[in-house]
Amino acid sequence: MMTAGHRDEELLVPTYRLTVNGRARVVQVEAATPLLWVIREQLGLTGTKFGCGVAACGACTVHVDGGAVRSCSFPIEAASGKSIMTIEGIAPTRWRALQAAWIAEQVPQCGYCQSGMIMSAAALLSEIPRPTRADIAAAITNVCRCGTYQRVEKAIMRAAAALDATTSAPGGAAP
Amino acid sequence: MAPDCADRFAGCDGPELSRRRFIELIGHGSGALLLSASWPAWAAVVDGSGAARSGEAGLNAWVRVAPDETVTIVVSQAEIGQGISTTLPSLLADELGASWSSVRLVTAPYDPAYRNPRLNWMFTGNSESVQSFYDLMRAMGAAARDMLVRAAASHWRIDPQMCATSEGFVVERGSQRRISFGRIASAAAQLDPPRNPTLRADAELRWLGRAMPRVDVPAKVDGSAVFGIDYAVPGMLIAAVRTSPTVGGSLRSYDEAAARRSPGVKAVVAVPGGVAVVADTFWRARRALAVMKCEFEGGPNAALDSPALMAQFRARLEQGPFATPVQQGDALRKLAQGARTLTADYENPFLAHATMEPMNCTAHVTALRCEVWAPTQGQELAFFALKSALGLEDKQIAVNRTPYIGGGFGRRLIPDFIVQAALISRAVGAPVKTIWDREEDLRRDQFRPATLVRLRAALDGAGLLQALHARVVSPTILLPVFPGIAPVLRDQKIDPSALEGMTEWPYEVEHRRVDFHLMDVPIPTSVLRATGYGPNIFALESFIDEIAAAAGVDPLAYRQRLLAANPRALRVLERAAALAEWQKPRASGAGKGVAFAAAFGSLIAQVTDVAVSDGQVHVKRVVSVVDCGRVLDPLIAAAGIEGGVVFGLAGCKSEITFEQGRVVQDNLNRYVMPYLAESPELITEFVEGGGKLGGVGEVSPVTVAASLANAIYAASGERLRSMPLSRHGLTLGAWR
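Which chain is which? The protein sequence lines are A and B, in order. Read in order, the letters of the first sequence correspond to residues 1201 to 1375 in the working numbering. Read in order, the letters of the second sequence correspond to residues 2 to 737 in the working numbering.
See below:
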């Protein structure tokens, strides 16, 4: 066993400013640190998951300026100055409809991929408010090892309908 | 874990059948309606801390009641996505007469009180939880109820027969008088527990057979669920691990100065086969691993290659030696004399578990104590493995299970990652969370082994099956999760789990023989969801199709003939055929395949619909009809069947291969799982056949490879005798 001593490098760690779930945050991490690990280890938001580290599974999906990003392969440098939304930040937004639909359809099994699923679904609905099955199949490329895909699809359809009803109703809430 | 088939089948068609109610078949559509119409706002709460409430009175090992009316129920079984943390506690609470919104669920520590009562071992797996704990949960709920009732009756000075429980109160029958559980619990806890508590009549239970809201779902949609990888204890460091990419290799060297310079690194610790970096964050630990240039010795398996390995399997298939666990009639003589015989060899690939949450464990080990917090299915095995690795006494070891676990599939029965985390913590003298990256997780898996199955059949003049001879070549799957089986492996050369599906045989055939060769491989092999049933049923149910084709009989009709004396099985098969519109004419390039199995104490019939074009197999629909005796929760059970179909398809899409001792598919971009676009429409129904409770969690993957292969044959005329599809130049196609 080797025990490390003090290092000069620690003094040179750069600082980044970003907005996470509406809150301004400052983090000091090495430039190559993936956004995933900033979110999980610097900011303590553990709802975003590590699955593969190579952007293959989507468990780490978050929004960067509204678009879905696989944060395990997205360096903090690229996120600097941007607005990040994670699963912990969606309850006060219109995407709460997705959480409600996920509960109504009882989507999760082990649940580990579901934060990323919901974030991917939110990005899809912001592009295509009433997606077809083909739209969902093209957009949702997250891996669920428990195989909840059929319920994911139904929940997205349900949330889309609910959001549509809200936004098109007279006096309905604005997004 | 050995199949208990004769016993399971004995009760199938008894006189009880007619007395049992049959619930309406729960289809995917009706299930959703049920849910949206009547979704209860109440739910039990999962308390990850598990801390005792003040003034809590323990009524038995499973139930505690606090003065604030909180009813704490212990969850003995690992929630790995199968919904067991809802199903079993709600059964207990129902029997008790508790209010579900007052229930708090805590995760069981390792304790013999929480062992599986049938197998006397604390674990979660083998689709055992409902089968094994149903009676115990009801008895524990009834016992606690009995104590509360007697305490209340004594307080009121009336006959306990005059009392009942409802929604968290003991009530006096025929009066308005009632007292809450919280007020009477401490008096109840002083009473002797009843020896034979009286159970409620099933009709009295409020939730049995109904869809309950899963207690684990809310925390899984807002990011608050704390999985093993999210677990934290004060002062905790994080470790990343790199062991030899080859199976059985070792660390040769690394650049220690580079590790030392890498930011955040606190220590570098040797682990068997490799090295762990302990740092303030996982990312920094993993970064250090990358810059310290670990080099490895290939070890004894540096030349291991899949083609050469499979050649060894084939040699054993030809030459044995074989044990003969099944011998009924004289299959070999019939085959020698048979008017018509058929032979086919089937091959199953190595598969990895690839749980979405990679292996990880938080451990705090000192000279006098070891405490771990692990996403595990196998607390008892972990306990003994830690005891042996650390040389501590029983009372110095605490094995806690994290309340949320990102998939199991059998991988988390094995305590290797827990012991490793404990050793790392001991080396640095601090609490450490060890996290495997995906590469480590796949390379250090203990794989579902490849198997070879040769099947030979003798048919009579009418094309019916007269004799069946199976040869199975398989490495062990049971040993790593059930070390007690070692003498059976050594003396009898039989792995009971690897024979599942071969010994539990639903069809009528007079002469049957099963030969088994326990293959010795240098690769660690273990159970994976569907265990021995998966590979064996792929072979058997493909072969039944081949026999039907040779006999010129429709594959469904052929199975109906073989099951003619088994009404419970016929009902399952025929319902699946009806739902799948078996008789409907099929378009060119489209086909339907059927498979049937008796597995994990349940019956399943599955019909898979495919279209094959340009090398793409579009799996459009999979109908599964299951008889698990009785359905405790129709939506949770349906979710298990649905998910299991996709899990089965994963084994038809990707495989694990070895090249120069290394796992080739060492991340999810190479071990590629089915995507939403490729996953079929799933139609799931249950038939309550009135037999004993059967398993649900592992039943549906069992038939997937065979029903798919049979459908591909129907669509294209190509017979697949091995998986995955890529071996035949086929891919799983998107179809939506």
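Ideal Cβ placement from N, Cα and C applies to all residues, glycine included. Only a predicted model underlies this, so the values are computations on that prediction, with no experimental measurement involved.
The beta carbon of residue 358/B falls within 7 Å of a beta carbon belonging to chain A, placing the residue at that interface. A residue is called buried when at least 16 other Cβ atoms come within 10 angstroms of its Cβ; residue 723/B meets this threshold and is buried.
By the CB criterion at 7 Å, residue 247/B and residue 300/B fall inside the cutoff. Our two residues, residue 610/B and residue 194/B, have alpha carbons roughly 55 Å apart in a direct line.
The region 532-542 of chain B makes contact with the region 475-493 of chain B, as at least three CB pairs between them are under 8 Å. Its chain contains 1213, 1215 as the residues whose beta carbon lies nearer than 6 Å to that of residue 1228/A, once the 5 sequence neighbours on both sides are disregarded; these appear in chain order. With fewer than three CB-CB distances shorter than 8 Å, the region 715-730 of chain B does not count as touching the region 675-695 of chain B. In the structure shown, the three-state DSSP call for residue 611/B is strand. Beyond the five residues adjoining it in sequence on each side, residue 366/B comes within less than 7 Å, by CB distance, of 391, 423, 426, 427 in the same chain, given in chain order. In terms of Cβ geometry, residue 433/B and residue 252/B do not form a close pair [threshold 7 Å]. Annotation: residue 1220/A to residue 1274/A spans about 15 Å, alpha carbon to alpha carbon. Counting only residues of its own chain and dropping the five nearest sequence neighbours on each side, residue 346/B has a CB closer than 6 Å to the CB of 455. Just so you know, the alpha carbons of residue 1261/A and residue 701/B end up roughly 30 Å apart. Of all alpha-carbon atoms in 654/B, 592/B, 539/B, 607/B, the one lying nearest the alpha-carbon of residue 572/B is that of 607/B. Unbroken alpha helix (DSSP H) stretches of 4 residues or longer found wholly inside the region 51-117 of chain B: 85-97, given in chain order.
Contact between the region 397-412 of chain B and the region 1302-1318 of chain A is established, with three or more Cβ pairs separated by less than 8 Å.
Put simply, of 115/B, 556/B, 442/B, 165/B the residue whose alpha carbon is nearest the alpha carbon of residue 417/B is 442/B.
Of all residues in the region 212-230 of chain B, the ones placed with a Cβ closer than 9 Å to any Cβ belonging to chain A are 212, 214, 215, 217, 218, 219, 220, 221, 222, 223, 224, 225, 226, 227, 228, 230, in chain order.
The alpha-carbon separation between residue 85/B and residue 636/B amounts to approximately 12 Å. For residue 1216/A, the nearest beta carbon of chain B is not closer than 7 Å to its own beta carbon. Between the region 120-139 of chain B and the region 150-157 of chain B, the count of C-beta pairs closer than 8 Å stays below three; the two stretches do not touch. Annotation: the continuous alpha helix (DSSP H) that includes residue 572/B extends over 568-580. Per DSSP, residue 317/B is one residue of the alpha helix (DSSP H) stretching across 307-320. Where residue 457/B is concerned, the enclosing beta strand (DSSP E) starts and stops at 452-460. Using a Cβ-Cβ cut-off of 7 Å, residue 438/B counts as an interface residue toward chain A, since at least one Cβ of chain A sits closer than that to its own. Boundaries cannot be given for residue 668/B, as no alpha helix (DSSP H) includes it and DSSP labels it neither H nor E. Contact between residue 324/B and residue 486/B does not hold, since their C-beta atoms are separated by about 14 Å, which reaches or exceeds 8 Å. Of the residues 271/B, 264/B, 273/B, the one whose Cα lies closest to the Cα of residue 283/B is 264/B.
Under DSSP, residue 341/B forms a beta bridge with 460/B.
Nearest CB-CB separation between residue 1256/A and chain B: below the 7 Å threshold. Residue-level contact check: residue 1277/A does not touch chain B, since none of the beta carbons of chain B fall below 7 Å from its beta carbon. A distance below 6 Å between beta-carbons, with the five flanking residues on each side excluded, links residue 62/B to the following residues of its chain, in chain order: 114. Residues of the same chain with a CB within less than 6 Å of the CB of residue 638/B, apart from the 5 flanking positions on each side, are 632, 697 in chain order. Following the DSSP letters along the chain, one finds residue 221/B inside the alpha helix (DSSP H) bounded by residues 218-222.
Residue 405/B is bridged by DSSP to 228/B. Residues of chain A with a Cβ closer than 7 Å to the Cβ of residue 170/B do not exist; the shortest Cβ-Cβ separation is about 29 Å.
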